[in-house]
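Below: one structure, written as structure tokens.
There are 2 protein chains.
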Amino acid sequence: MSVTTLDSFRTEKGVDLRRVPVAWKAWGRLNASRDNVVIVCHALTGNTDVDDWWGPLLGPGRALDSDRFFVICFNVAGSPYGTVSPVTTSPDTGEPYGVAFPDFSIRDTVALHRMVLDEIGVTGVALAIGASMGGMQVLEWGHHTDLVKALCPIAVGGRHSAWCIAWSASQRQAIISDPKWKGGHYPADDPPVHGLSVARMMAMISYRSQSSFEKRFGRARMMDNPGEPMAVESYLQYQGEKLVARFDANCYIALTRQMDSHDVAYGRGNYPEVLGDIKQPTLVVGIDSDILYPLAEQQELVQHMPSAEMAVLTSPDGHDAFLIDFEQLSAHLRPWMARVVIDGENRRGSIHNE
Amino acid sequence: MSVTTLDSFRTEKGVDLRRVPVAWKAWGRLNASRDNVVIVCHALTGNTDVDDWWGPLLGPGRALDSDRFFVICFNVAGSPYGTVSPVTTSPDTGEPYGVAFPDFSIRDTVALHRMVLDEIGVTGVALAIGASMGGMQVLEWGHHTDLVKALCPIAVGGRHSAWCIAWSASQRQAIISDPKWKGGHYPADDPPVHGLSVARMMAMISYRSQSSFEKRFGRARMMDNPGEPMAVESYLQYQGEKLVARFDANCYIALTRQMDSHDVAYGRGNYPEVLGDIKQPTLVVGIDSDILYPLAEQQELVQHMPSAEMAVLTSPDGHDAFLIDFEQLSAHLRPWMARVVIDGENRRGSIHNE
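Protein sequence lines, in the order shown, are assigned to chains G and P.
Each residue of the first sequence is one higher than the last, beginning at 886 in this note's numbering.
Each residue of the second sequence is one higher than the last, beginning at 886 in this note's numbering.
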């Protein structure tokens, strides 16, 4: 992982930050024209370890081919994995920002990452790809028309729906209701672990589906083992505890608020028209069992984005299918990328083939 | 509301309770043969005020015709609205049962209500009808073959799925994580209001759908009013606070556990065969946007219950459609009841028509 520290950054709402770290990780090499870049955008509790969570898609010969592309993943502002966030020490106070961390929009995060790309000297992005919160960033990258040539937003819509905001709000409330949250001013060694754990339990439900839970757990005998929780209950509690060990409560609040801010049309005009302005070749991927971002949201994107086409992952696994069904994802990505993704290597390849 | 106090009740798990109150409310009059009874079963946070929550279905000339039927609704064991529950004073200790309230299964609740019907001298039940937790009771009433002649379970399956248990478990965890819960031993004047409120916020999501939230709230301008929560967030918080004023945390835990126990086959044999033993004419009602109890669960019931037929409410409102779309519900109920619901009045009506 690398960390690039920017001198300053001003958020959409006009808050100025100084000495702003941005963490990133990359695979492959920049070509001479510095335009063989693939940006991979991570989801809510993700990080820059694309090789961990999208391993089968990344590497030599794979869809995100590190022999051909310079694949880069930036950590999102607000996330505890290296980029500026509530757990970052403020240069002004010498203390972590904590609850004073300013609101970042998805647009802010993309603008921040753009500054690092500029610093690296990137001249072209062949593809921006990501799912869920990552997909929101992809759509914002679509407005960097001077740089970004193709888009692949997955399991996302053009603006966060009331439904998704409801899920986010309930999860934030679980944290805020934990007395240990203390208005966000909790000590590092005594954070609101119960609230964050409950938030994660809720989130895990939203990431899956009725049929995936049924297949995996069914009614693992509660009444035969009175006193024992059911399998699915233990599983969720375990997932809650696991997140607590690797995440921060104020970061969770900041990131879910950032997701709620997602609206490509905000301040830009009429929603369908703003989508119409995203003219890059785009592969919109939906998941047929996704209850958070149902297919109707991806269909809406394809309807209004002039160069968009749709691919559907057929999966019982719900929203999380983008972290599970690599084969289908790869099968949709490869032929589309072969057709539309243009970069230096690709152009040379075309010449070679003639 | 009436309260019938039973001398004793033994739960499935063998716990004996003494002086057990059962609250109920009734409309219409018992006929001479005491068999014109319709049992209406309420849902999780419901009560016996059927005229409040199912008003358009109840009354003279309506689907649940109080000129023809003796319509009765019992409060469920574990609920704070009059039947024995954590807020009931134990005759043994002189204190509320609290967290020591024993596990009740859906089957226990129905057995308890049966004892009151026997005390009233009811000889036949023309119809048992209810949705959600109420539908679970309806399916258990189906095993009282000596008494119950027809069934209408709505928005429910034959056993609680892992998916629904996941929702329940997360909501319980929200309560249990509230330090004011104190292992269930909270004082009456300082209950775990935050935990219960968060649980309700989560539940409200599960009762609706993506499209109903979208239609009602959309993206009511958060970023234009910085600091203001979004409309849907305020709505959920309000719903959470509203429940806290009328419900008890230990009751909420007891009732969601009771719902999780729902499995018509438990201790009776093979699931499809046990459903096959429910031979009464049955109208199974599903809601096409219900994410908790999807149509597949009602189709499963109809597939295995020999005299069951299916009706689908077409609604954007999710699970809650059973409390909203009275017209469709009534339109399905009336012709089916005209065909299958038999009672003294009905028989006289038939003679009159010949």
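Glycine included, each C-beta is placed from N, C-alpha and C at the ideal position.
With a cut-off of 8 Å on Cβ pairs, the segment 943 to 950 of chain G is not in contact with the segment 978 to 992 of chain G, counting fewer than three such pairs. Annotation for G:Leu1121: Met1086, Met1089 and Ile1090 place their beta carbon closer than 8 Å to its own, counting only its chain and skipping 5 residues before and after.
The beta-carbon separation of G:Ala1206 and G:Thr1167, rounded to 19 Å, does not stay under the 8 Å limit for a contact.
From the listed residues P:Arg1219, P:Pro965, P:Leu915 and P:Pro945, the smallest Cα separation to P:Thr933 is found for P:Pro965. Contacts with chain G at 8 Å (Cβ-Cβ) include P:Ile1050. Interface with chain P (8 Å Cβ-Cβ cutoff): G:Gln1095 is included.
Excluding its 5 nearest sequence neighbours in each direction, G:Arg895 has C-beta neighbours in its own chain below 7 Å: Asp901, listed in chain order. Bridge pairing for P:Arg895: P:Asp901 [DSSP]. Counting C-beta atoms within 10 angstroms of its own C-beta, G:Val888 has fewer than 16 neighbours from the protein chains shown and is therefore classed as exposed.
P:Ala1059 sits close to G:Ala1059, with the two beta carbons spaced by under 8 Å. Less than 8 Å divides the Cβ of G:Ser1062 from the Cβ of P:Asp1063. The C-alpha of P:Thr968 is placed about 25 Å away from the C-alpha of P:Tyr1151. If you check each beta-carbon in the segment 1137 to 1171 of chain G against every beta-carbon of chain P, the ones closer than 7 Å belong to Asp1145, Ser1146, Asp1148 and Tyr1151. Across the structure, G:Ser1146 and P:Ser1017 are spaced so that their CA atoms are roughly 35 Å apart. Residues of the same chain with a CB within less than 6 Å of the CB of G:Glu1025, apart from the 5 flanking positions on each side, are Ile991, Arg992 and Val995 in chain order. Interface criterion met: the Cβ of G:Leu1121 is under 8 Å from a Cβ in chain P.
A distance of 8 Å or more separates the beta carbons of G:Phe1102 and G:Ala1084.
Proximity to P:Leu1160 across P:Val1023, P:Gly963 and P:Trp1048 peaks at P:Val1023, based on C-alpha coordinates.
At a Cβ-Cβ threshold of 8 Å, G:Gly1043 and G:Tyr1156 count as neighbours. Chain G has a Cβ within less than 8 Å of the Cβ of P:Ile1090. P:Met1195 has P:Val1169 as its beta-bridge partners, per DSSP. With respect to the 8 Å criterion, P:Ser1215 and P:Ser1174 are not classified as neighbours on the basis of their beta carbons. Less than 8 Å separates the beta-carbon of P:Ala1196 from that of P:Val1170. Shortest Cα-Cα distance from P:Ile1209 to any of P:Arg904, P:Tyr1092 and P:His1028 involves P:Tyr1092. DSSP places G:Val1023 inside the alpha helix (DSSP H), whose first and last residues are Met1018 to Trp1026.
In this structure, the alpha-carbon of G:His1189 lies about 49 Å from that of P:Val925.
In the DSSP assignment, P:Trp912 forms a beta bridge with P:Val956. Excluding residues up to 5 positions away in sequence, Pro965, Pro981 and Asp1133 lie with their Cβ nearer than 6 Å to the Cβ of G:Val972 in the same chain. Assigned with DSSP and collapsed to three states, P:Pro976 falls in coil, not helix or strand. The segment 1026 to 1046 of chain P makes no contact with the segment 935 to 943 of chain P, as fewer than three CB pairs between them are under 8 Å. Sequence-distant Cβ neighbours of G:Leu1032 in its own chain, meaning closer than 6 Å and more than five residues away, are Val1010. DSSP places G:Ile1039 in no alpha helix (DSSP H) but in the uninterrupted beta strand (DSSP E) bounded by Leu1036 to Ile1039. Residue burial is scored here from C-beta neighbours: P:Ala1181 has fewer than 16 other C-beta atoms within 10 angstroms and is therefore classed as exposed. For G:Met1086, the chain P residues whose Cβ falls inside 9 Å of its Cβ are Ala1051, Ala1054, Ser1055, Gln1058 and Ala1059, in order along the chain. Residues of chain G whose Cβ lies closer than 9 Å to the Cβ of P:Pro1179 are, in chain order, Gln1095 and Ser1096. DSSP places G:Ile924 outside any alpha helix (DSSP H); the residue lies instead in the beta strand (DSSP E), whose first and last residues are Val922 to Cys926.
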